[in-house]
Structures are given as C-alpha cells and as structure tokens.
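S.K.: In this note's numbering, the protein residues as written are 17 to 180.
Note that the Cβ used here is the ideal one computed from N, Cα and C, for glycine as well.
Bear in mind that the values here come from a model prediction, so they are computed numbers and not experimental data.
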C-alpha cells in the first residue's frame with residue numbers, strides 16, 4: 017500500500033478545519049467543492065449544499081475525499097504558510113533562508129540552500145515540532161524537492177527499512 021500523502025496523513029479534524037478555512041477565504045472553493053460533491057452522485061443538487069455552513073460542507077468534502085492532488089498542495093501550503101508558519105519558519109531559520117514569517121521572497125531562486133543546510137534545518141524542524149515537523153519535511157519533499165538539495169536523503173533516513 018503506498019504511503020498516505022502528507023495531507024491525508026493529517027487527522028480528519030485538521031483536514032476539515034483546513035477545507036473549512038479554504039471555503040471561507042477562497043471565493044471559488046465553495047463552488048468547486050460543491051461541484052465535486054454533486055458529481056459523486058447521491059441525489060444532491062448544487063442548491064442543496066449552497067446554504068450549508070463551511071464546517072458542514074468541509075466535513076462532507078473530507079468524508080467523501082473529493083479533494084484533488086492540487087487541492088492537497090494548496091491546503092498544505094495554507095497550513096504551513098498562513099495558519100501555522102512556525103514549522104516553516106523553524107526550517108528556514110535553521111537553513112539560513114531569508115523569509116518573512118515563513119514566506120520566502122518570491123524572487124528567490126531555488127535551490128534555496130545547500131544540502132548541509134537542509135540537513136541542519138530538517139533536524140531542527142523535527143527537534144522542535146516532532147511528527148508535525150516530519151510531515152512538513154514530507155510535504156516539501158513531495159511538492160518542492162528540487163528546491164531543497166539533500167532532502168531526498170533526509171526523507172530516506174526517516175523511512176522505516178523495507179522488508180526484504
């Protein structure tokens with residue numbers, strides 16, 4: 017069985033909170049998620065979902081797993097940049113990457129630091145944030161590994177040994 021994506025490895029309550037935040041803050045998110053829910057069948061029409069509170073709609077989105085891979089990327093970015101920037105800030109500080117509250121300058125060019133700095137930053141993220149730090153590392157590995165040299169080795173060291 018393939019490993020869960022970093023997003024899917026979050027507890028359901030946290031995924032619901034992320035989707036609800038997205039529905040509340042991104043104008044098009046509500047209609048996109050409603051279209052996907054209606055597309056799943058079950059007799060619901062778009063109007064049925066329109067008046068649902070964001071939290072209830074988010075619960076249904078997560079329960080039926082209608083989030084796309086692109087949604088997952090956006091939701092994880094929202095988590096680490098907008099809602100909980102402490103993990104990314106820890107990583108960037110330890111890597112020596114200039115940032116503003118976890119946001120890397122849009123003009124910065126990858127790779128953002130050396131492999132040694134990535135290792136140091138990964139160790140700091142895990143030491144300060146535990147499993148959430150590991151999930152963060154898996155997230156940037158999945159979506160931006162080319163920006164972080166040596167991250168592949170860090171992730172490989174985290175993986176349990178495979179059965180022979």
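For residue 131, I'd like the list of residues in its chain whose CB is within less than 6 Å of its CB, leaving aside the five on either flank, ordered along the chain.
M.R.: Answer for residue 131: 165, 166, listed in chain order.
S.K.: Taking the alpha-carbon positions, what's the residue 19 to residue 175 distance?
M.R.: Their backbone Cα atoms lie some 10 Å apart in a straight line.
S.K.: Quick one, are the C-beta atoms of residue 60 and residue 73 less than 8 Å apart?
M.R.: Cβ distance not < 8 Å, so residue 60 and residue 73 don't count as in contact.
S.K.: Label residue 99 either buried or exposed according to how many other C-beta atoms from any shown protein chain fall within 10 Å of its C-beta, with 16 as the threshold for buried.
M.R.: The residue is exposed, with fewer than 16 neighbouring Cβ atoms inside 10 Å.
S.K.: If you reduce the DSSP assignment to three classes, tell me which class residue 119 lands in.
M.R.: In this structure, residue 119 counts as strand in the three-state DSSP scheme.
S.K.: Would residue 84 pass as a contact of residue 111 if the rule is Cβ separation under 8 Å?
M.R.: The answer is no: Cβ separation not under 8 Å.
S.K.: Give the straight-line distance between the Cα atoms of residue 57 and residue 80, rounded to the nearest whole angstrom.
M.R.: Taking the straight line from one Cα to the other gives about 11 Å.
S.K.: Taking the CB atoms as reference points, tell me whether residue 103 and residue 148 lie closer together than 8 Å.
M.R.: Closer than 8 Å, so yes.
S.K.: Does the Cβ of residue 41 have 16 or more other Cβ atoms within 10 Å, making it buried, or fewer, making it exposed?
M.R.: Exposed, because fewer than 16 other Cβ atoms sit within 10 Å of the Cβ of residue 41.
S.K.: Taking the alpha helix (DSSP H) that residue 108 falls in, what are its first and last residues?
M.R.: Looking at the DSSP string, the run of the alpha helix (DSSP H) that includes residue 108 is 101 to 111.
S.K.: Excluding five sequence neighbours on each side, which residues of the same chain lie with their C-beta closer than 7 Å to the C-beta of residue 25?
M.R.: Cβ within range, chain order: 151.
S.K.: Quick check: residue 34 and residue 94, are their CB atoms within less than 8 Å of each other?
M.R.: Contact flag set, yes.
S.K.: Could you tell me which of 49, 145, 108, 138 sits nearest to residue 86, measuring between CA atoms?
M.R.: Nearest option by C-alpha distance: 49.
S.K.: Taking buried to mean at least 16 other C-beta atoms within 10 Å of its own C-beta, is residue 143 buried or exposed?
M.R.: Result: exposed.
S.K.: From residue 138 to residue 125, what does the alpha carbon distance come to, in whole angstroms?
M.R.: Distance between the alpha carbons of residue 138 and residue 125: 20 Å.
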